[in-house]
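In the working numbering, the protein residues as written are 162 to 314.
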């Protein structure tokens with residue numbers, strides 16, 4: 162085995178390690194509450210979608226009533242809330258938009274072992290068109306609802 166091949170294999174292993182850690186319950190709950198209006202949104206009620214995830218294949222979900230002209234996305238429908246949660250976890254752990262969150266999570270694990278949902282929330286600025294305002298909303302939901310009590314350890 163050549164050294165260059167080992168380095169690339171090690172890079173792959175390191176990238177996979179970044180993608181297999183948990184998402185704090187408090188962070189997921191805050192996002193679900195925000196995205197689904199505490200489970201009362203049309204997308205949550207009709208499509209079991211509590212994280213507002215989009216899809217781009219016609220018929221894959223629910224067409225938003227106020228979708229921009231020319232837009233083709235739908236809000237994905239799921240067979241259960243559990244499937245929505247699974248898709249959310251996969252999205253956070255794999256989509257390039259959340260690579261910063263994954264990197265910060267790895268550093269937190271290495272330095273302190275515990276995950277700080279308030280710090281991880283900064284990696285969600287690309288989750289919503291609202292950007293940093295969205296991050297602030299998620300962080301405020303965690304604080305106002307004492308959601309950190311739901312996290313492990």
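Even for Gly, the Cβ is constructed at its ideal location relative to N, Cα and C.
Taking the CA atoms as reference points, residue 187 sits about 19 Å from residue 261.
For residue 236, the enclosing beta strand (DSSP E) starts and ends at 235-237. Residue 268 is not a Cβ neighbour of residue 284, given a cutoff of 8 Å.
Your pair residue 189 and residue 197 does not check out as a contact, with CB atoms roughly 12 Å apart and the cut at 8 Å. The residues 236, 237, 245, 248, 249, 252, in chain order, have a CB closer than 8 Å to that of residue 214 in the same chain once the five nearest residues on each side in sequence are set aside.
In terms of CA proximity to residue 263, 175 leads the group 290, 294, 175, 193.
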